[in-house]
Every structure is written in structure tokens, then in C-alpha cells.
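Under the working numbering, the first residue of the sequence shown carries the number 2, and numbering increases by one thereafter. Note that the Cβ used here is the ideal one computed from N, Cα and C, for glycine as well. Reviewing the structure listed below.
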Amino acid sequence: MKKLIFVLQKVINNEINLNSNIFVEIKPMKSKILILSLAFSSFSFAQMDTIYSNNEKLAINVKEITEDAVKFTYPNEDFINTFYKNTINKIVFKSGRVQTFNESSSFNKLTSIRDYDKVTISNVESEVKGLFKIADVGAKAKGGSTFSSMEKVRNRAYNKIKMQSAMMGANVVYLAHQNTEGNKMGGYWQAGSTTETILTGVAYSNILLDLNDFKTKLISKNSFNVLKEYRLGTSNMEYTETTSNKSIVIKEILKENNGVFIIADVDKKEIKFRLSYYNESNFSLYYKDKSDANYLYEIQF
């Protein structure tokens, strides 16, 4: 292996050619093919600029860097493509210069519903350009009396929209509409009303879950036990967490738009889930029922 690495470095640096005695001595033929493949790959990246996005590494030619985006072309193409800066970690130019982007690192990584307070709320549409849309979200909070704190009611609405988004696996919410009304004292001819906040927006994520990687974690299994069940009802301001004894049988795994979806039977009832999270030990599936209540199942691999 050391000899393979030594020869590869020499080939890339043009210090030896492929007819060299050193190369001829390497056996078997698979090792030679490996060197050729690695050398070609390294040479290709060395001759181009490289974008490191949140999901992949691409060999491209950077054409222009604007205030919020990077414009580039793919090898042997003239068509101009665009990546927004909030999806790029860094660019390594063919000159060797490295340019990093803080926009991408401004979004927090979530690992479960318990990280809901890390969800970013944005009121600027340009900040979510290039991110992956998950779903429309909304929340409503109302005071218990005409003496309720308007700020506390508003905070409850913000927390709920964050919880809903985190259940889906989203870490950013673009707030499209916000309406807050204060307490109104009643009179002889008119009833009073309590403070209320209504929020509507769109949940986004700056990363996509890897379908193929997730499949490898399943190890050909399709039957699992649900460890925990989280529920957030339409009138609830907090989610509930309960230990579950439900069983789940995966029937189909789909890649749709910006998400991985799983059709599964839960106690013999078929449900279409969105894959929200996964790691080495467990994964989380989200769905919304007919009453618009949100559910998240935490499942062990």
C-alpha cells in the first residue's frame, strides 16, 4: 500500500510516467487500475475549482461570486449554474486559495425534536435562497385572559412553530406572515378579547438526508420497534413525549422532492412518513394526521 501511495504521488506530480519500471513492478493489475483512477480523479480536481457544499464536493469552474451567490460552470459546459452562499462551506480554487463562507455555518445542526430551540427564524426571504424546502408551517397562540402578557403569548407561538419544524427535520423557518393583536377590554356593547399571535411560514433545511446511506443502516431489516413517540397537537403549546411499544414494518422507501419518505405499517395501519433524522443507533420518522396533529417516532435500528 505504501508503494501504491508513493507511485500515485509521483504520477500526479508528473515525476514518473505510466511506462516507468516502478509502475510495471506493481501487481496485480487491479492496483494499476486503482492508481490510474485515483490519479485521474486527483488531476481533474487539481485543474478545476472545487465547491464544498453542505451535501457534496463538486469540481467546477467559478465564473463569478456575487453578494449572495456563486456562479459557475461544469466541466465542458457553458451553461451558468448558481449556488447560494448559504449552501456552500468553502471553495478551493485551482490556484490553491481557499475561500470560506460564514452563511452556511450560521444554521444550527439539529439531531432531534429536543433541539427545537436551535431552529433559526428568518424574516428575510433572501436568507433562505438555495435551501431545501420541507413544508409550510404555522402556529397560533392566545392569551388566557385580557391580562395576558403579549410578549409571552408571542413567544409561545414562536416556540410552537420551531417545534413543528424540528419534528420535520427543518432547522430554518422563513416567517412569511406574523400578526399579533393586543388585549382588548370589553365594554357595555362589546365583549373583550385576549392577545393573540398567528404565524405562518415555510420550513427549510440547509442539508439533504442521504437516501443510500440511510439504507445501509437498515442492514436489510424492515421490522423495528418504536422507542419514543412525540406528539404536538393543533391546540398544544408543548409537545408530549411518551415511551412506545408500537412496532413498525417498512414497506417502501422513496426519494421525493427534497426529502426521504417511508411507507410503513404501524400496528397494521399504513402511514407515509418523512425521515427527519438518523444516526448510527436510531432514526426518526414524522407524519401529520387528519386532524393536523404532528407525530414523531424515534426508532432503533
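Buried or exposed: residue 250, going by 16 or more other Cβ atoms within 10 Å of its Cβ? exposed
To the nearest angstrom, report how far apart residue 278 and residue 112 are at their CA atoms. 6 Å
With C-beta atoms as the reference, is residue 259 less than 8 Å away from residue 207? no
For residue 71, count the other beta carbons within 10 Å of its own beta carbon; 16 or more makes it buried, fewer makes it exposed. Which is it? buried
Would residue 200 pass as a contact of residue 176 if the rule is Cβ separation under 8 Å? yes
Quick check: what's the CA-CA separation for residue 254 versus residue 211? 12 Å
Residue interval of the alpha helix (DSSP H) (run including residue 212): 212–219
Given a threshold of 16 other Cβ atoms within 10 Å of its Cβ, counted over all protein chains shown, does residue 77 qualify as buried or as exposed? exposed
Could you please give me the residues that DSSP links to residue 235 through a beta bridge? Beta-bridge pairing links residue 235 to no other residue.
If we call anything under 8 Å between Cβ atoms a contact, is residue 142 one with residue 235? no
Buried or exposed: which applies to residue 23, given that a residue is buried once 16 or more other Cβ atoms fall within 10 Å of its Cβ? The pLDDT assigned to residue 23 is 49, lower than 50, so where the model puts this residue is not dependable, and the model offers no usable value.
Quick one: complete alpha helix (DSSP H) runs, 4+ long, within the region 54–112? 103–106
Looking only at its chain, what residues have a beta carbon closer than 6 Å to the beta carbon of residue 14, apart from the 5 residues adjacent to it on each side? Here residue 14 scores only 47 on pLDDT, less than 50, and its place in the model should not be relied on; the value that follows carries that caveat. Excluding positions up to five away in sequence, the list is empty.
Whole angstroms are fine: how far does the CA of residue 114 sit from the CA of residue 266? 23 Å
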